[in-house]
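Peer 1:
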Amino acid sequence: MRIPTNIVALSLPALGGSISIPQLEFPSLGKKSAASTTIAPIPSPEPIEIYRVPPPPATSNTSENGCTTTLNPHGTGCISITTSGNVMGSGSFLPDGVHVTAYVTFVGAPAAPDPATIYTGTQLIILKTDGNLFPNGDSWKCITCGVSAANSVGSTALTPYPQAFKDGSRVMVGTNIVDCGAHQLASEDCTPDEVHIYPIRWSNTANDSNTGAGGSIRELRLAPDQVHISFNAYIYSGTQLNEIGFTPRLKFNATGTDGTNPRYELTNVNLLFNPNNKGIIAANGNHAVNTSGISMGELRGWASQGEELTYIGYPVESCNIDAFAISLDTGAVRRLTEHPEYVDPIDFSPDGRWQIIMDTRGTGRQMFLAGLRTIPPIIDMLVTGAVSSVRNNGARRFFQPWLLDQYGDRGLYFGQQINSEGDGLPGSVNDPNWNSGADPRWSPDGTRIVYYQMLASSPACGGSIPLPCETSTEPYGQGIRIIVANLTSRTPIDPPSVPGIPDVIPWAIQYTPGMTIPSVQSLAAGSYVLQGRASGSAAVTITYDASGSYIQTINVTYYDLCDNGVNTVMGFESVSVTPYNATASLYNWYSNITSTGAHGSGTKVTTPGGFHLTIDYMTNLFYAEGNLTTTIDGVSYYQPLNFA
Ligand SMILES: *[C@@H]1O[C@H](CO)[C@@H](O)[C@H](O)[C@H]1NC(C)=O
Ligand SMILES: *[C@@H]1O[C@H](CO)[C@@H](O)[C@H](O)[C@H]1NC(C)=O
Ligand SMILES: *[C@@H]1O[C@H](CO)[C@@H](O)[C@H](O)[C@H]1NC(C)=O
Ligand SMILES: *[C@@H]1O[C@H](CO)[C@@H](O)[C@H](O)[C@H]1NC(C)=O
Ligand SMILES: *[C@@H]1O[C@H](CO)[C@@H](O)[C@H](O)[C@H]1NC(C)=O
Ligand SMILES: *[C@@H]1O[C@H](CO)[C@@H](O)[C@H](O)[C@H]1NC(C)=O
Ligand SMILES: *[C@@H]1O[C@H](CO)[C@@H](O)[C@H](O)[C@H]1NC(C)=O
Ligand SMILES: *[C@@H]1O[C@H](CO)[C@@H](O)[C@H](O)[C@H]1NC(C)=O
Ligand SMILES: *[C@@H]1O[C@H](CO)[C@@H](O)[C@H](O)[C@H]1NC(C)=O
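Quick note: the sequence shown uses UniProt numbering, first residue 1, plus one each step.
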């Protein structure tokens with residue numbers, strides 16, 4: 001299951017942890033900090049060539065011997081035909097820049113003692129991207145097929161995010177490290193007997209005696225220095241679900257608890273939460289609201305060359321989900337994206353000068369929510385999780401890959417879609433029914449990007465839905481394709497040496513196993529005034545539920561509020577939430593907002609009876625009664641159809 005990235009507790013303004021930003025006030029709307037705007041001219045679009053990575057043979061016949069010798073005469077297995085990113089997806093380039101990692105599911109293997117019996121289940125493979133073949137004639141190689149139980153004690157599913165180390169012999173995948181010892185993964189010497197699969201263990205209780213599986217960790221990202229990682233954990237407090245980011249050092253323990261279960265342990269764990277920060281929205285004095293803090297949502301990995309972390313944060317503009325980077329050293333925050341659409345996967349180039357993101361920009365999916373810019377993120381205390389969940393239609397995602405420079409969106413610059421050329425027909429590189437998964441990854445020489453795409457499938461198409469399901473035109477009818485984008489005008493760079501990453505992040509909490517995870521306090525019930533940064537104000541009323549345990553209603557009236565000196569917001573908005581459980585709620589939403597100025601003039605309005613949205617962060621099935629419509633300079637953006 002691909003879990004939504006922006007988990008918001010029902011009653012908390014912050015997305016779990018929250019970080020103070022000593023240097024930067026609330027990032028100016030529509031502009032980066034003055035520094036980055038002046039340093040960085042807008043890059044021109046560049047030539048990009050797209051090609052597919054040849055896939056392993058695939059079959060829909062999952063029974064014994066379903067993988068026939070006709071399909072694979074080499075006896076090296078067949079993978080399943082799927083449209084699910086849980087089943088198959090690409091990872092990163094190996095340091096040679098030729099091979100890419102992927103996780104796949106082998107099916108249809110023969111019974112033992114046939115040697116091909118090892119080609120079964122979820123496995124880590126590498127694929128050649130240069131058109132060459134391995135000595136056996138295959139364009140791919142399974143790394144983990146046939147690894148013995150003794151070599152993989154305590155290991156877990158080999159999915160997702162297979163990330164190669166720069167040593168060429170190891171890959172972090174899921175919560176494991178696959179290690180071929182002295183051998184390069186791509187070499188003939190790297191045979192199943194040489195491969196170990198080591199679990200990664202987080203000790204998260206004071207009394208676990210270092211035994212057992214340890215704490216549940218997710219979204220692991222290897223740091224450029226190869227010895228630190230980042231991860232997220234779901235932290236439940238009562239009925240509230242939060243997601244918190246951590247950065248530990250990896251430490252190999254060759255013996256484990258009894259000499260038979262070697263593993264990687266996580267030491268020097270930084271809990272990315274600044275106890276002095278009150279979240280992006282805090283009471284300021286008796287009755288004023290201050291939106292100057294920063295709240296971290298899901299951690300997404302490393303920026304620059306490891307000097308910064310990327311995360312999806314609490315919105316700066318209402319309903320607009322963006323990526324941010326925070327300095328490990330100083331805690332300074334940069335807003336990387338500003339486009340109203342939704343972003344989450346992100347990878348920085350090895351020299352830190354470029355980023356590749358997966359975003360719904362261009363699809364119109366989120367524009368009805370966020371298209372009207374410069375509205376302060378007040379109702380977002382209630383709606384951020386819901387807004388994030390609208391980005392997908394069930395299993396269908398709307399991501400496409402976009403190239404941005406290191407500074408990100410600014411002014412009219414919103415990057416370059418790397419697969420925009422094509423006729424849009426079924427199977428073309430810009431076929432909108434092929435949507436991208438996490439994560440896209442840079443080649444070590446900075447000239448290529450690998451990513452994968454999934455074909456929209458029922459029930460997100462077909463049946464009563466106006467969009468018919470498309471038949472895959474890929475080899476074997478495969479529903480997932482791995483793609484390399486060649487930035488053909490670029491000169492390859494030598495892999496840069498990267499700075500070391502400190503074990504201790506000065507603004508974070510040093511985590512000790514079992515410690516209580518702090519949480520940000522919600523605004524108290526009452527009436528507040530939000531002063532516009534340039535002029536005007538908003539009156540905010542916060543009402544709790546009858547038991548006083550969570551914010552139930554937020555009303556905001558805007559009085560010519562202006563933050564950026566050019567856009568003025570007027571009108572009224574009210575959202576009430578009725579939680580069904582920790583991840584699903586009903587939102588009763590009324591908007592009647594007008595904004596005028598340089599970022600477009602327009603309205604965000606609900607139909608007279610209001611907009612009543614039910615959505616679950618875990619399933620992303622949109623269901624609404626009534627409409628919310630955003631109109632900018634005469635162009636209207638409508639909500640998606642209800643999930644049938
Ligand atoms: C699946 O493969 C098995 C073994 O080769 C074969 O007996 C069976 O007929 C195949 N099923 C289909 C639906 O092709
Ligand atoms: C460890 O501590 C937790 C929480 O305090 C408790 O629930 C659990 O039973 C303890 N486990 C052991 C093995 O003592
Ligand atoms: C490996 O783990 C065991 C069990 O927790 C511990 O006793 C041992 O000291 C660890 N070894 C290293 C090198 O950390
Ligand atoms: C608002 O909060 C920020 C960050 O916590 C703080 O630095 C700033 O002084 C506050 N502004 C006001 C007007 O209190
Ligand atoms: C990428 O494009 C350049 C320029 O056309 C070409 O020289 C290079 O071989 C291409 N790289 C790959 C891996 O195809
Ligand atoms: C908030 O707005 C709603 C919708 O207009 C209204 O019914 C409710 O009374 C308001 N609540 C407060 C506390 O102003
Ligand atoms: C939460 O509520 C939603 C909406 O009623 C429901 O579809 C979902 O199954 C519930 N989830 C859990 C974990 O109970
Ligand atoms: C929206 O606000 C405008 C301006 O205040 C007002 O004229 C209009 O009646 C409002 N519409 C609704 C549906 O409340
Ligand atoms: C909401 O929009 C849909 C599609 O545009 C329209 O058919 C429907 O009548 C609208 N609902 C209301 C309550 O206006």
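Where is the CB? At the ideal position from N, CA and C, for every residue including glycine.
Is the Cβ-Cβ distance between N232 and R218 less than 8 Å?
Peer 2: Result yes, Cβ atoms of N232 and R218 sit closer than 8 Å.
Peer 1: Closest by CA to S457, which one among T68, T83, G75?
Peer 2: The shortest Cα separation from S457 among T68, T83, G75 belongs to T83.
Peer 1: In this structure, how does DSSP classify M358 when only helix, strand and coil are distinguished?
Peer 2: Of the three classes helix, strand and coil, the one that applies to M358 here is strand, per DSSP.
Peer 1: Closer than 7 Å to a non-hydrogen atom of ligand 7 - does that hold for the CB of A584?
Peer 2: Result yes, Cβ under 7 Å from ligand 7.
Peer 1: What residue ranges within the region 360 to 384 form continuous beta strand (DSSP E) runs of no fewer than 3 residues, ordered along the chain?
Peer 2: None, since the region 360 to 384 contains no complete beta strand (DSSP E) of that length.
Peer 1: Below 8 Å, can you find three or more Cβ-Cβ pairs linking the region 432 to 450 to the region 374 to 386?
Peer 2: The answer is no - the region 374 to 386 does not touch the region 432 to 450, with fewer than three Cβ pairs under 8 Å.
Peer 1: G504: buried (16+ other C-beta within 10 angstroms of its C-beta) or exposed?
Peer 2: In the sequence on display, residue 504 carries Val and not Gly. Per the 10 Å Cβ criterion, exposed.
Peer 1: Run through the region 426 to 514 for me and flag every whole beta strand (DSSP E) of 3 or more residues, listed as ranges in chain order.
Peer 2: Runs found: 434 to 436, 448 to 455, 480 to 486.
Peer 1: With V153 and P192 assumed to form a contact (beta carbons below 8 Å), what rounded beta-carbon distance in angstroms separates them?
Peer 2: No, V153 and P192 are not in contact; Cβ-Cβ is about 15 Å, not under 8 Å.
Peer 1: With a threshold of 16 other CB atoms inside 10 Å of the CB of A213, please say whether the residue is buried or exposed.
Peer 2: Classification for A213: exposed.
Peer 1: Does DSSP put A164 in a helix, in a strand, or in coil?
Peer 2: Three-state DSSP puts A164 in a strand.
Peer 1: On the DSSP bridge list, what partners appear for L530?
Peer 2: For L530, which the question treats as bridged, DSSP gives the partners V289, A538.
Peer 1: Since I believe E474 is in contact with R481 (beta carbons under 8 Å), could you give me their beta-carbon distance rounded to a whole number of angstroms?
Peer 2: Confirmed, Cβ separation roughly 5 Å.
Peer 1: If we ignore side chains and look at the alpha-carbon of each, how far apart do P73 and I118 end up?
Peer 2: Near 16 Å, if we compare the C-alpha coordinates of I118 and P73.
Peer 1: Grouping DSSP H, G and I as helix and E and B as strand, with all else coil, what is S327?
Peer 2: Strand, per DSSP.
Peer 1: Let me check one thing: in DSSP terms, what residues is K141 bridge-paired to?
Peer 2: DSSP, once it has assigned bridges, lists I126 as partnering K141.
Peer 1: Between I120 and ligand 5, is the CB less than 7 Å from at least one heavy atom?
Peer 2: According to the sequence shown, residue 120 is Thr rather than Ile. Answer for T120: no, Cβ out of range of ligand 5.
Peer 1: From this set, G408, G394, G331, I379, which residue's C-alpha is nearest E338's C-alpha?
Peer 2: Among G408, G394, G331, I379, the Cα nearest to that of E338 belongs to G408.
Peer 1: Comparing C-alpha positions only, which one of I280, K141, Q123 sits nearest to V173?
Peer 2: Cα-wise, what sits closest to V173 is Q123.
Peer 1: Less than 7 Å between the CB of Y638 and some heavy atom of ligand 9, yes or no?
Peer 2: Indeed, a heavy atom of ligand 9 lies less than 7 Å from the Cβ.
Peer 1: Looking only at its chain, what residues have a beta carbon closer than 7 Å to the beta carbon of L403, apart from the 5 residues adjacent to it on each side?
Peer 2: Result list for L403: W354, I356, G415, Q416, I418, in chain order.
Peer 1: Are the beta-carbon atoms of V289 and L530 separated by less than 8 Å?
Peer 2: Yes, the Cβ-Cβ distance between V289 and L530 is below 8 Å.
Peer 1: So the beta strand (DSSP E) N555 belongs to, where does it begin and stop?
Peer 2: 551 to 562 is the extent of the beta strand (DSSP E) around N555.
Peer 1: With a cut-off of 8 Å, do at least 3 Cβ pairs link the region 597 to 607 to the region 321 to 336?
Peer 2: Because the criterion of three Cβ pairs below 8 Å is not met, the region 597 to 607 and the region 321 to 336 do not touch.
Peer 1: For V147, does the three-state DSSP call read helix, strand or coil?
Peer 2: In the structure shown, V147 sits in coil (DSSP, three-state: anything other than H, G, I, E or B).
Peer 1: If N393 and P640 are in contact, beta carbons under 8 Å, what's the gap, nearest whole angstrom?
Peer 2: With 8 Å as the limit, N393 and P640 qualify as a contact, their Cβ atoms being about 7 Å apart.
Peer 1: Skipping 5 residues on each side, what residues in its chain have a beta carbon closer than 6 Å to that of W507?
Peer 2: Correct list, in chain order: N274, G331.
Peer 1: Compute the Euclidean distance between the alpha carbons of G385 and L455, then round it to the nearest angstrom.
Peer 2: So the two alpha carbons sit approximately 26 Å from each other.
Peer 1: Hey, which unbroken runs of the beta strand (DSSP E) at 3 residues or more fall wholly within the region 226 to 306?
Peer 2: DSSP runs (the beta strand (DSSP E)) wholly in the region 226 to 306: 229 to 237, 240 to 253, 263 to 271, 282 to 284, 288 to 290, 294 to 303.
Peer 1: By the DSSP assignment, the beta strand (DSSP E) with A624 in it spans what residues?
Peer 2: Where A624 is concerned, the enclosing beta strand (DSSP E) stretches over 623 to 625.
Peer 1: Using 8 Å as the threshold, is the C-beta distance between R263 and Y311 below it?
Peer 2: Going by C-beta atoms, R263 is not nearer than 8 Å to Y311.
Peer 1: Using the beta-carbon count (16 or more within 10 Å), is T70 buried or exposed?
Peer 2: Exposed, since its Cβ has fewer than 16 Cβ neighbours within 10 Å.
Peer 1: Kindly give me the distance between the Cβ atoms of Y587 and V575, rounded to whole angstroms, as I take these residues to be in contact under 8 Å.
Peer 2: Rounded, the Cβ-Cβ distance is 6 Å, consistent with contact.
Peer 1: What do you reckon, is the C-beta of T257 under 7 Å from a heavy atom of ligand 3?
Peer 2: The answer is yes for T257.
Peer 1: Find out if the Cβ-Cβ distance for the pair I143, I177 is shorter than 8 Å.
Peer 2: The answer is no: Cβ separation not under 8 Å.
Peer 1: Report yes if the CB atom of L382 is closer than 8 Å to the CB atom of I554, and no otherwise.
Peer 2: Yes.
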